[in-house]
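Residue numbers (UniProt numbering): 1 to 319.
Even for Gly, the Cβ is constructed at its ideal location relative to N, Cα and C.
The block underneath contains the structure these notes are about, expressed in structure tokens.
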Amino acid sequence: MRTIGLEEHFVTPELAPYGKGTATIAEPHVWEEMSRRLLDLTGARLERMDAAGLDVQVLSLNSPGLQAEPDAALAVSRATAVNDLLASTIEAHPTRFAGFAALPLQDPQAAAKELERSVTQLGLRGALVNAHTHGRYLDDPELRVVWEYAQGLDVPLYLHPANGVDAAHVLSGHPELIGPMWSWGTDTASHALRLIFGGVFDDFPEAKLLLGHMGEALPFTLWRLDSRWDFHAHHGIELARGRPSEYLRHNLYITTSGVCSAAPLLCSLLALGSDHILFGTDYPFEEMDVATEFLRTAPISEADRERIAHGNAERLLRL
């Protein structure tokens, strides 16, 4: 069975310092090992892929990527350089790697043009966005141009977590809850809901959003989102599709990255359908072999397993 992973991270020596905020979350010895693996594009990475039975990694720049860069012009030049590097890596290993572009969202017009260049000239398969860009989220009106290009190119935007602008007061005194164990998921789910209620998918009805980590818990909340939307004051917002779940079932695709558990997978299958679920490992933060073994042994039909393992990625990313 061909297996394609969609959340597979890397970093370059030049861009690694942007991750210093993430480094504060991890145990020092763990971060040291993760950093070593992130910097390795084609050595031990390929060996681990072979051992795990992972045929293809869709590579993406590690969080927060160049979105942490305060200088817009430098972000633009570094996006060009890292996307060129990614494309050359894929060219050298065309059967093993594909890629998502990094976008300099500090400059929306430049980001849209870089997405176009990355897809049409470099052969990348969309883009991965690491949360906010200095407090600006993807529903910002100035970023509509990026969605316009993404829909026109028929490529997804993968929304990945990063450290938030701030932390909710309920987390005060509990730094252990800040990061990928908890706050990143709630932040990213909230970001995705901003796209719905901010009108992004009404403006661009065929835009495609990818979320990792089994959809950041959104597949588990569809009924209550609809029920409470009927209850809540709408504050002048009306949804063309009527209810939030209609967007999540139409525009949202999720990956299994970082969640090797049957219960959330089965829930997601019931909530979204197998055509909207793709495989991912969250390497190097999770082990490839654990993820591929989970996929091989999950209590699902063989038809669904094939779709998740490779069929949906082949269709969505034209791999």
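{"Item": "Grab me the residues of residue 247's own chain with a C-beta within less than 7 Å of its C-beta, minus the 5 sequence neighbours each way, in chain order.", "Value": "196, 201 and 241"}
{"Item": "Measuring straight from C-alpha to C-alpha, what distance separates residue 304 and residue 257?", "Value": "17 Å"}
{"Item": "Assign residue 184 to buried or exposed, taking buried as 16 or more other Cβ atoms, counted over all protein chains shown, within 10 Å of its Cβ.", "Value": "buried"}
{"Item": "Comparing C-alpha positions only, which one of 20, 38 and 4 sits nearest to residue 285?", "Value": "38"}
{"Item": "Say whether the segment 286-299 touches the segment 51-68, bearing in mind that this needs 3 or more beta-carbon pairs closer than 8 Å, one atom from each stretch.", "Value": "yes"}
{"Item": "How would you write the range of the alpha helix (DSSP H) that residue 142 sits in, first residue to last?", "Value": "Premise fails: residue 142 is in no alpha helix (DSSP H) and is neither H nor E."}
{"Item": "Can you look up residue 109 in the DSSP assignment and give me helix, strand or coil?", "Value": "helix"}
{"Item": "Helix, strand or coil, according to DSSP, for residue 300 in the structure here?", "Value": "coil"}
{"Item": "Output needed for residue 260: all residues of its chain with C-beta closer than 7 Å, excluding positions within five of it in sequence on either side, in chain order.", "Value": "290, 291 and 294"}
{"Item": "Compare the Cα-Cα distances from residue 204 to each of 140, 251 and 224 and report the closest residue.", "Value": "251"}
{"Item": "Given a threshold of 16 other Cβ atoms within 10 Å of its Cβ, counted over all protein chains shown, does residue 120 qualify as buried or as exposed?", "Value": "exposed"}
{"Item": "Please classify residue 129: does DSSP put it in a helix, a strand, or coil?", "Value": "strand"}
{"Item": "Output the boundary residues of the beta strand (DSSP E) element that contains residue 99.", "Value": "97-99"}
{"Item": "Are there 16 or more other CB atoms within 10 angstroms of the CB of residue 237, so buried, or fewer, so exposed?", "Value": "exposed"}
{"Item": "For the candidate residues 212, 245, 175 and 47, whose alpha-carbon lies nearest to that of residue 60?", "Value": "212"}
{"Item": "Suppose the cutoff is 6 Å on Cβ atoms and the five residues either side in sequence are ignored; what does the same chain contact list for residue 21 look like?", "Value": "163"}
{"Item": "For residue 66 versus residue 18, is the C-beta spacing smaller than 9 Å?", "Value": "yes"}
{"Item": "Quick one: Cα of residue 243 to Cα of residue 230, how far?", "Value": "8 Å"}
{"Item": "Please specify which runs of the alpha helix (DSSP H), each continuous and at least 4 residues long, are wholly inside the segment 168-245, giving them in chain order.", "Value": "183-197, 200-203 and 222-231"}
{"Item": "How many whole angstroms separate the CB atoms of residue 57 and residue 96, which I take to be in contact at a CB cut-off of 8 Å?", "Value": "7 Å"}
{"Item": "Chain C beta carbons: is any one of them nearer than 9 Å to that of residue 36?", "Value": "Here there is only one protein chain, and chain C is not present."}
{"Item": "Quick one: what's got a C-beta closer than 6 Å to residue 131's C-beta in the same chain, skipping five residues either side?", "Value": "161 and 162"}
{"Item": "What residues are listed by DSSP as bridge partners for residue 5?", "Value": "57"}
{"Item": "Cβ atoms of residue 254 and residue 311: under 9 Å apart, would you say?", "Value": "no"}
{"Item": "What span of residues does the alpha helix (DSSP H) with residue 86 cover, start to end?", "Value": "72-92"}
{"Item": "Helix, strand or coil for residue 276, going by three-state DSSP, please let me know.", "Value": "helix"}
{"Item": "Leaving out the 5 sequence neighbours to the left and right, which residues in its chain are closer than 7 Å to residue 46 when beta-carbon positions are compared?", "Value": "96"}
{"Item": "Nearest CA to the CA of residue 318: which residue from 300, 155, 228 and 28?", "Value": "155"}
{"Item": "Quick check: the segment 108-115 against the segment 71-88, are there 3 or more CB pairs under 8 Å?", "Value": "yes"}
{"Item": "Just confirm the distance between the C-beta atoms of residue 101 and residue 127, as a whole number of angstroms; I'd bet it's less than 8 Å.", "Value": "4 Å"}
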